[in-house]
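Down below is the structure, laid out as structure tokens.
2 protein chains.
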Amino acid sequence: MPFELTILGSSSATPTQNRHPTAQVLNIRERFFLIDCGEGTQSQLVRYKIKYSRIGHIFISHLHGDHYLGLMGLLSTMHLQGRNNEIHIYGQQELMDIIELQLRLSQTVLRYNLIFHPVKNYSGTIILEDEDLSVSTISLNHRIPCTGFLFKEKPKPRKLLINKMKQYNIPFKYYAGIKNGENYEDDFGNIIPNKELTISAGRPRSYAFCSDTVYLEHLADEVRGVDLLYHESTFMHDLLDRAKATFHSTSIEAATVAKNAGVQRLVIGHFSARYKDLAPMLEEARTIFPESELALEGRKFVVHEQN
Amino acid sequence: MPFELTILGSSSATPTQNRHPTAQVLNIRERFFLIDCGEGTQSQLVRYKIKYSRIGHIFISHLHGDHYLGLMGLLSTMHLQGRNNEIHIYGQQELMDIIELQLRLSQTVLRYNLIFHPVKNYSGTIILEDEDLSVSTISLNHRIPCTGFLFKEKPKPRKLLINKMKQYNIPFKYYAGIKNGENYEDDFGNIIPNKELTISAGRPRSYAFCSDTVYLEHLADEVRGVDLLYHESTFMHDLLDRAKATFHSTSIEAATVAKNAGVQRLVIGHFSARYKDLAPMLEEARTIFPESELALEGRKFVVHEQN
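Sequences listed follow chains D and E, in order.
When you number the first sequence by this note's numbering, it's gap-free, plus one each residue, and the end is 687.
When you number the second sequence by this note's numbering, it's gap-free, plus one each residue, and the end is 687.
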């Protein structure tokens, strides 16, 4: 089952001819989560063939325009295309004020239910949880309140070894319990341990999205061991002062968080328009954390199932 | 001196892969006017090499998202790029509420002066006038208040015929008056008529932008004789009922306005996403008004100086 991140935008606030403001789509087990929604996100979704109708949840990190100005257009197009399914939006409470004002002035009554979930800038608050996954907040430190998001798969039921089911003649009614890790006791009182009957369906996968922020040493604790970490990297490290002044991070800082957190892979993005060539940015990050990649438009980062 | 319209967007509310929502730039004598500002306008400006810094005035016809959702991003980029020059925005009063809310929530204090000019949906109100041109309103009829804009060059001073100036030995101090149409009286009381001393510098050129509207018979009177008329044409004429229901126009209706108004050229746009091929749309308009053209992205419509 997929766990795949698609990058729709890599630029910081000033877009360039080839870079778009922040937006990403995370596909967890064929459920699609849109993370930030900069201007032009709907066009980027069309370009990368992700149907609007598949997106059920939208997460907005903060209210700087390059992270949300594509939202009204997307909501409007979903409406015009006749969407019926409800949509869930997660963001600062004031985002709903912006949405409501614009809907009211355009005299639009959405055809679908828009369910708004206000997000506060604390860490570790679970804002979405179901049988597949949980999403919790990561408190960041930017010029205005800004929240990252940690996506974690739920552990999946173990896979039954069908030949063992037959060998021990295990009735079907025990299958669900065995999938959940129970041992099996046969008619003679013999215990067959679960690990002889099943294999792991893969350990839960995880993705942490750390939008605009200054370098935070404690962030490593919050994203420890994730499979995939996105951390902004607006500047190269020679502009550390500029990064601090604007509440952004450098490539070295992003890579330091990745290294300290022991993540599997780092994706850096939110690049300043001043960098035409991003190779030096990537090279710099890799001096600290070799498994670094650039969040370029259209790139997909797949986290494979692992046993 | 140029009088040139550049199309940045041709689509109606749902954008397609190749079409962008409404936005146009009108260059009158090297002054740049942005008319409507759909999502992605800043990228389109970059694509067609029109510098943000040259735009001094922005006109927004109405508060449907496909006509203004690119505005906040553009204003923000102008700010980030260090703009100092003031900018004038013309639109419904509530547009300023949207701008103010978003600036406040992003804690942005613009580096430049934003001067907002509220526009009411009456016809014939002059909202901008100076030595080069005037802009007045055109009342349209859409689902929400919607205003078109009529741009008219001011008459230019007549051009002096320098050989005649010499022939009659006319002192320099009379030149300004003669440019403004005065005759010349020499020392012997002879009257030299102005038309012997000057030629016309070209008649004033004009452009009418008629954004979203149902067909309005009286509109022909308001845009009579303009050099260039933009009129929306969301649908072909077989969908007249749909056009009426959604307060839009068909190609036949747009062409009828152009014909009745005796304009020089018609540009149709705001095409429904259902039309992949626009040739039949254009053909249909041309059955009524042969000088019709499509408002395709990147197309320029030049009005030449005419004597």
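Built from N, CA and C at the ideal position, the CB exists for glycine as well.
Every value quoted in this text rests on a predicted model; they were computed, and no experiment measured them.
Exposure of residue i, with buried meaning 16 or more beta-carbon neighbours within 10 Å
{"i": "N563(D)", "result": "exposed"}
{"i": "F651(E)", "result": "buried"}
{"i": "P708(E)", "result": "Chain E is shown only over 381 to 687; residue 708(E) falls outside these bounds and no answer can be derived."}
{"i": "A625(D)", "result": "exposed"}
{"i": "A331(D)", "result": "Nothing about residue 331(D) can be reported from this structure: the residues present for chain D run from 381 to 687 only."}
{"i": "T667(E)", "result": "exposed"}
{"i": "G642(E)", "result": "exposed"}
{"i": "G561(E)", "result": "exposed"}
{"i": "I579(D)", "result": "exposed"}
{"i": "R399(E)", "result": "buried"}
{"i": "I467(D)", "result": "buried"}
Assumed close pair residue i, residue j - CB separation to whole angstroms, cut-off 8 Å
{"i": "F397(E)", "j": "V426(D)", "result": "Looking at the sequence shown, residue 397(E) is not Phe but Gln. The pair is a contact, with the Cβ atoms about 5 Å apart (cut-off 8 Å)."}
{"i": "R434(E)", "j": "F412(E)", "result": "4 Å"}
{"i": "E602(D)", "j": "M381(D)", "result": "Contact flag wrong, Cβ pair sits at about 26 Å."}
{"i": "N465(D)", "j": "Y432(D)", "result": "Rounded, the Cβ-Cβ distance is 10 Å, inconsistent with contact."}
{"i": "N521(E)", "j": "F627(E)", "result": "7 Å"}
{"i": "L646(D)", "j": "S629(D)", "result": "With 8 Å as the limit, L646(D) and S629(D) do not qualify as a contact, their Cβ atoms being about 12 Å apart."}
{"i": "A653(E)", "j": "S392(E)", "result": "7 Å"}
Of the listed residues the options, nearest to residue i (C-alpha basis)
{"i": "I438(E)", "options": "Y432(E), D446(E), Y470(E), M452(E)", "result": "Y470(E)"}
{"i": "L443(D)", "options": "T421(D), L460(D), K559(D), E474(D)", "result": "E474(D)"}
{"i": "V499(D)", "options": "L455(D), S519(D), E419(D)", "result": "S519(D)"}
{"i": "C590(E)", "options": "R399(E), P395(E), Q404(E)", "result": "Q404(E)"}
{"i": "P395(D)", "options": "T421(D), N640(D), E410(D)", "result": "T421(D)"}
{"i": "D477(D)", "options": "Y492(D), H497(D), I467(D), N465(D)", "result": "H497(D)"}
{"i": "G450(D)", "options": "N464(D), K431(D), I495(D), G418(D)", "result": "G418(D)"}
{"i": "L674(D)", "options": "V683(D), L658(D), I668(D), Q686(D)", "result": "L658(D)"}
{"i": "P573(E)", "options": "V683(E), G649(E), E664(E), I558(E)", "result": "I558(E)"}
{"i": "C526(D)", "options": "Y448(D), R666(D), M452(D)", "result": "Y448(D)"}
{"i": "A634(D)", "options": "A665(D), Y492(D), E602(D), P670(D)", "result": "A665(D)"}
{"i": "I495(E)", "options": "T505(E), I479(E), G561(E)", "result": "I479(E)"}
{"i": "D609(E)", "options": "P401(E), H400(E), L406(E), S392(E)", "result": "According to the sequence shown, residue 609(E) is Leu rather than Asp. Cα-wise, what sits closest to L609(E) is L406(E)."}
{"i": "F568(E)", "options": "Y555(E), A556(E), I550(E)", "result": "I550(E)"}
{"i": "A581(D)", "options": "V683(D), D446(D), K536(D)", "result": "K536(D)"}
{"i": "G445(E)", "options": "I668(E), D416(E), I430(E), G436(E)", "result": "D416(E)"}
{"i": "E511(D)", "options": "I408(D), D607(D), Y428(D)", "result": "I408(D)"}
{"i": "G453(E)", "options": "A393(E), G561(E), I440(E), Q482(E)", "result": "Q482(E)"}
{"i": "S586(D)", "options": "D592(D), E509(D), D607(D)", "result": "D607(D)"}
{"i": "A588(E)", "options": "K553(E), S441(E), A556(E), S392(E)", "result": "S441(E)"}
{"i": "H598(E)", "options": "I648(E), I668(E), K639(E)", "result": "K639(E)"}
{"i": "Y595(E)", "options": "Y655(E), Y428(E), T636(E), R484(E)", "result": "T636(E)"}
{"i": "G504(E)", "options": "G436(E), R523(E), H617(E), R604(E)", "result": "R604(E)"}
{"i": "Q644(E)", "options": "M661(E), P670(E), L662(E)", "result": "P670(E)"}
{"i": "D592(D)", "options": "R523(D), V683(D), I467(D), G436(D)", "result": "R523(D)"}
{"i": "G436(D)", "options": "R484(D), K429(D), L508(D), G389(D)", "result": "L508(D)"}
{"i": "L577(E)", "options": "P584(E), Y554(E), R583(E)", "result": "Y554(E)"}
{"i": "G649(E)", "options": "S631(E), E410(E), P660(E)", "result": "S631(E)"}
{"i": "S390(D)", "options": "K656(D), V683(D), E663(D)", "result": "K656(D)"}
{"i": "R583(D)", "options": "V683(D), D566(D), I506(D), M661(D)", "result": "V683(D)"}
Given 8 Å, three or more beta-carbon pairs between the stretch 503-520 of chain E and the stretch 529-536 of chain E: yes
Touch test, the stretch 384-400 of chain E against the stretch 676-686 of chain E, Cβ-Cβ under 8 Å, three pairs minimum: A contact between stretches requires three or more CB pairs, one per stretch, nearer than 8 Å, and the stretch 384-400 of chain E meets this requirement with the stretch 676-686 of chain E.
Contacting positions in the stretch 387-398 of chain E - beta carbon closer than 8 Å to chain D: A393, T394, P395, T396, Q397
Three-pair Cβ contact test at 8 Å for the stretch 596-613 of chain E versus the stretch 540-548 of chain E: no
Any 3 or more C-beta pairs closer than 8 Å across the stretch 618-628 of chain E and the stretch 546-563 of chain E: no
Three-pair Cβ contact test at 8 Å for the stretch 481-490 of chain E versus the stretch 454-472 of chain E: yes
Residues of the stretch 522-545 of chain D with Cβ closer than 8 Å to any Cβ of chain E, in chain order: R523, I524
Interface positions of the stretch 443-454 of chain E facing chain D (Cβ-Cβ less than 8 Å), listed along the chain: L443, H444, G445, D446, L449, G450, M452, G453
Chain D contacts made by the stretch 412-426 of chain E, where a contact means CB separation under 7 Å: E419, G420, Q422, S423, V426
Residues of the stretch 455-467 of chain E whose Cβ lies closer than 8 Å to any Cβ of chain D, in chain order: S456, T457, L460, Q461
Near-chain E residues of the stretch 468-493 of chain D - C-beta to any C-beta below 7 Å: Answer in chain order: E474, D477, I478, L481, Q482, L485, S486, Q487.
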